[in-house]
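All remarks here apply to the structure that follows.
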Amino acid sequence: MNIAFMILELGKGFLTTVEIFALTLIFSLPLGLIISFGRMSKNGILRTLTKFYISIMRGTPLMLQLIVVYYGPFYVFGIQLSRSYRFIAVILAFVLNYAAYFAEIYRSGIESMPKGQYEAAKVLGYTKGQTFFKIILPQVIKRIMPSITNETITLVKDTSLAFVLSIVEMFTTAKQIASSETTIMPLMVAGLFYYIFNLAVAVGMEQIERKLNYYR
8 MNIAFMILEL
18 GKGFLTTVEI
28 FALTLIFSLP
38 LGLIISFGRM
48 SKNGILRTLT
58 KFYISIMRGT
68 PLMLQLIVVY
78 YGPFYVFGIQ
88 LSRSYRFIAV
98 ILAFVLNYAA
108 YFAEIYRSGI
118 ESMPKGQYEA
128 AKVLGYTKGQ
138 TFFKIILPQV
148 IKRIMPSITN
158 ETITLVKDTS
168 LAFVLSIVEM
178 FTTAKQIASS
188 ETTIMPLMVA
198 GLFYYIFNLA
208 VAVGMEQIER
218 KLNYYR
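Numbering (the numbering used here), first residue to last: 8 to 223.
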């Protein structure tokens, strides 16, 4: 087995893994915040709908959601989609799934804030928007960072589920090489790639947490 070839092929798959990871975070973090607003809304209908959405996303396998997002448009609406939609479907399913988890994390952080914070901001003349984005949200982010870190690390490993829609990320590449070469080595190397990636993510998130601990 050519080691250089194996590393090169796994590297290509790793780039796809990183792309799925990055795009999911970029879109799911802000979407999760928006969904959390709906979850805490005084409007009963909106609150119920977002609660149901979160329940579905957290209560069904991500693998199933990937299949539904990709095949749903054809079987439900008869829309014929191109092969390039596979990657879009992966990102869409991942974003919708992780946004639900992030929404609950945001909600727990926001609801943990003392009411006195809002009252003090009102006395100082802050609007509701200014109160949330300048006073509440920075403190919420500080509180929820450990939970966000856990979900982010899980996301790194979940990227391997993209194989369901024939997206050739790192784990799929490793399986293909292992099968053709009849050796477990590519899987072991892929595991090392995942570990290093997760270690880098954990260290990066830890640095962010330290910077947010400005009172220590």
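A virtual CB, placed ideally from N, CA and C, is assigned to each residue, including glycine. Keep in mind the model is a prediction, meaning the values are calculated, not measured.
Original post:
Would L162 be called buried (16 or more neighbouring beta carbons within 10 Å of its own) or exposed?
Top reply: By the neighbour-count rule (16 or more Cβ atoms within 10 Å), L162 is buried.
Pull up the CB-CB distance for A106 and L172, whole angstroms please, since I reckon it's below 8 Å. In fact, because the Cβ distance is near 19 Å, the residues do not count as touching under 8 Å.
**Asked** Can you tell me the Cα-Cα spacing of G39 and A207, whole angstroms?
**Response** Cα-Cα distance, rounded: 24 Å.
Exercise. Tell me, please, whether the segment 105 to 121 touches the segment 183 to 201 by the rule of three or more beta-carbon pairs shorter than 8 Å.
Key: Using a C-beta cut-off of 8 Å, the segment 105 to 121 makes no contact with the segment 183 to 201, since fewer than three inter-stretch Cβ pairs fall below that distance.
Local Cβ density within 10 Å of Q214, reported as buried at 16 or more and exposed below that:
Its Cβ having fewer than 16 others within 10 Å, Q214 is exposed.
Review point. Does the Cβ-Cβ distance between V175 and L17 come in under 8 Å?
Key: L17 is positioned such that its CB atom lies no closer than 8 Å to that of V175.
_Burial state of V147, where buried means 16 or more other Cβ atoms lie within 10 Å_ = The Cβ neighbour count for V147, taken over all protein chains shown within 10 Å, is at least 16; the residue is labelled buried.
Could you check if A11 is buried or exposed, using at least 16 other CB atoms within 10 Å of its CB as the buried criterion?
Around the beta-carbon of A11, fewer than 16 other beta-carbon atoms lie within 10 Å, marking it exposed.
key: Which of helix, strand or coil DSSP assigns to M212   = In the structure shown, M212 sits in a helix (DSSP, three-state: H, G or I).
Exercise. I33: which of R54, R65, V102 and L56 sits nearest, CA to CA?
Worked result: Per the Cα distances, V102.
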